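Note sheet for the following structure.
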Amino acid sequence: MDSGWPEQLAVDSHQLTVLRAVLAAAAPQEGCALLLGQPARSGPETPAPAHVQLIWPCLNIWPQKEQRCGRFAIDPREQLLAQRWGRQRGWQVLGTAHSHPSSAAIPSSTDCAWAFPPALMLILGVSAELRAWWIAESAEDSSALPAARELELIQPDVRSFRGGGDLGE
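Here it is, written out as structure tokens:
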């Protein structure tokens, strides 16, 4: 595994509840949010996971309203505001979250194509599963779609509940 990729993402149960509510509220359109918190840190013993401290709800501003059931876009002004607000608290924008109201919680080719790697992406799927992904440039071919690797999603107040596989490698 590329050492630049985080292995785990920690999200407490309160933030998961908020995230699920924010993303579900947009149905049947894709909901979206920004994830603010602390990035992963490597230590001599074991790397610490990235930690989501706050869910920043956003509106899906995809230009063609009829396509918002399968696409999302976050207003760049909203991103700058969240970034500024987080910086004042010692946090940063870690990535995005969005829903797939009619498909699994796996990054689509569009998700990968529109990502700016490296990028963290949380996806809420049609069956209410929530999965975390790290999107990175393809190591083999710079013209290929970015590769997605699933992260272990952990709750500091509970045991680990998801993680493992690779996609796009």
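For my numbering, add 663 to where a residue sits in the sequence shown, where the first one is 1.
Beta carbons are placed, not taken as given, at the ideal position from N, Cα and C, and that holds for glycine.
Model, not experiment: these values are computed from the prediction.
Task: Local Cβ density within 10 Å of D738, reported as buried at 16 or more and exposed below that - done: Working through the sequence shown from its first residue, we reach residue 738 at position 75. Residue environment for D738: exposed (fewer than 16 other C-beta atoms within 10 angstroms of its C-beta).
TODO: Could you tell me whether the Cβ atoms of Q701 and A713 are closer together than 8 Å?
DONE: Here residue 701 is taken as the residue at index 38 of the sequence shown, counted from 1. Here residue 713 is taken as the residue at index 50 of the sequence shown, counted from 1. Q701 places its beta carbon less than 8 Å from that of A713.
- [ ] Return the bridge partner residues of C721 from the DSSP annotation.
- [x] Taking the first residue of the sequence shown as position 1, residue 721 is located at position 58. When beta bridges are read from the DSSP output, C721 appears opposite C695.
TODO: Report yes if the CB atom of W719 is closer than 8 Å to the CB atom of F735, and no otherwise.
DONE: Taking the sequence shown and counting its residues from 1, the one referred to as residue 719 is at position 56. Taking the sequence shown and counting its residues from 1, the one referred to as residue 735 is at position 72. The Cβ atoms of W719 and F735 lie no closer than 8 Å to each other.
Task: Selected residue, minimal CA-CA separation from Q742, among L785, W797, L698 and E670 - done: Here residue 742 is taken as the residue at index 79 of the sequence shown, counted from 1. The candidate whose alpha carbon is nearest that of Q742 is L698.
Task: Rounded separation between A791 and E693 - CA only - done: Locating residue 791 in the sequence shown gives position 128, counting from the first residue. Locating residue 693 in the sequence shown gives position 30, counting from the first residue. Answer to the nearest angstrom: the Cα atoms are 13 Å apart.
Task: Same chain, Cβ closer than 7 Å to V685, five either side skipped, listed in chain order - done: Counted from its first residue, the sequence shown places residue 685 at position 22. Cβ within range, chain order: G694, A696, I718 and P720.
Open item on the list: Once DSSP output is grouped into helix, strand and coil, what is the label at E813?
Closed with: Walking along the sequence shown from the start, residue 813 turns up at place 150. Of the three classes helix, strand and coil, the one that applies to E813 here is strand, per DSSP.
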